[in-house]
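Reading through the structure tokens given below for one structure.
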Amino acid sequence: KALEMRQKALPDNHPDLAGSLNNIAGVYDNMGDYKTALAHYNKALEMRQKALPDNHPDLAGSLNNIAGVYDNMGDYKTALAHYNKALEMRQKALPDNHPDLASSLNNIAVVYKNMGDYKTALAHYNKALEIQQKALPENHPYLALSYHNIAGVYDNTGDYKTALAHYNK
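Here is the structure:
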């Protein structure tokens, strides 16, 4: 309903329409309807590409959303391509310690972990943690999540002592 109202009130390429499409796509993704989710996410990306400058963070956000669907589908190669493109865009547009860079690195790490490439996953998780330690207060929940993610990799590789240390952090 929100999308219908916005379509009536706004021009066809207005970024708020892309926001509505993203929200709808997220619900389809959560329901496991990946084809419909991708259609909505791709339409939102196209709209944003027409309406926003090339370095706008919302473009990286759209790529990130698309990558998440491919990750959910088990298409890790395509997910990595989209996540890496989003990271590159964010690196050009944002300062080195911006939390969105850590988010991109974390997403990439998740895919590598899903693929069983624990060494590469750990490298990305640690880089994300470094950025978060610089950008966020020391009691921020994202830091806890990063320690948890790193612990999970160590747990999967059988390094239980290191996993436990990170889980305790």
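Note that this note's numbering has the sequence shown beginning at 56, numbered continuously upward.
No residue lacks a Cβ here, since even glycine has one placed at the ideal position from N, Cα and C.
With burial defined as no fewer than 16 other Cβ atoms inside 10 Å of the residue's Cβ, what is the status of K189: buried or exposed? Here residue 189 refers to the residue found at position 134 of the sequence shown. Exposed is the call here.
With distances taken Cα to Cα, identify the nearest neighbour of Y222 among T212, A199, N211. Your numbering for residue 222 matches position 167 in the sequence shown. It is A199.
Taking a contact to mean a Cβ-Cβ separation below 9 Å, would you say K197 touches P150 in this structure? Your numbering for residue 197 matches position 142 in the sequence shown. Your numbering for residue 150 matches position 95 in the sequence shown. Per the sequence shown, the amino acid found at residue 197 is Tyr instead of Lys. Contact: no.
Nonlocal neighbours in the same chain, by C-beta distance under 7 Å from A183, ignoring five residues either side: To locate residue 183, count along the sequence shown from 1; it is residue 128. Closer than 7 Å at Cβ, skipping near neighbours: A157, L160, N161, A164, S201.
Cα separation between D113 and Y173? On the sequence shown, position 58 is the one that residue 113 refers to. On the sequence shown, position 118 is the one that residue 173 refers to. Going from the Cα of D113 to the Cα of Y173 covers about 30 Å.
With 16 other CB atoms within 10 Å as the buried threshold, where does L65 fall? Stepping through the sequence shown from its first residue, residue 65 is reached at position 10. Label assigned to L65: exposed.
Extract the residue ranges of the beta strand (DSSP E) inside the segment 128 to 208, only unbroken runs of 3 or more that lie entirely within it. none
Return the Cβ separation of H95 and I79 in integer angstroms, given the expectation that the two are a contact with Cβ distance under 8 Å. Here residue 95 refers to the residue found at position 40 when the sequence shown is read from its first residue. Here residue 79 refers to the residue found at position 24 when the sequence shown is read from its first residue. Correct: roughly 5 Å between the Cβ atoms.
Quick one: using the 10 Å Cβ neighbour count with 16 as the cut-off for buried, is M86 buried or exposed? Sequence index remark: in the sequence shown, residue 86 carries index 31 (1-based). Counting Cβ neighbours within 10 Å, M86 comes out exposed, since fewer than 16 surround it.
For K228, the first and last residue of its enclosing alpha helix (DSSP H): The structure shown does not extend to residue 228, since the chain is modelled only from 56 to 224, so the question has no answer here.
Whole-number beta carbon distance between N119 and Y138, since they are thought to touch under 8 Å: If you number the sequence shown from 1, residue 138 lands on position 83. If you number the sequence shown from 1, residue 119 lands on position 64. Yes, they are in contact, since the Cβ atoms of Y138 and N119 sit about 7 Å apart, within 8 Å.
Can you tell me which of the three DSSP states H95 falls into? To locate residue 95, count along the sequence shown from 1; it is residue 40. Helix, per DSSP.
Between which residues of its own chain and Y125 is the CB-CB distance below 6 Å, once the five residues before and five after are set aside? Start at 1 with the first residue of the sequence shown, and residue 125 comes out as number 70. Closer than 6 Å at Cβ, skipping near neighbours: T133, A134.
For the alpha helix (DSSP H) containing L58, name the first residue and the last one. Residue numbering aside, residue 58 sits at position 3 when the sequence shown is read from its first letter. That run of the alpha helix (DSSP H) goes 57 to 64.
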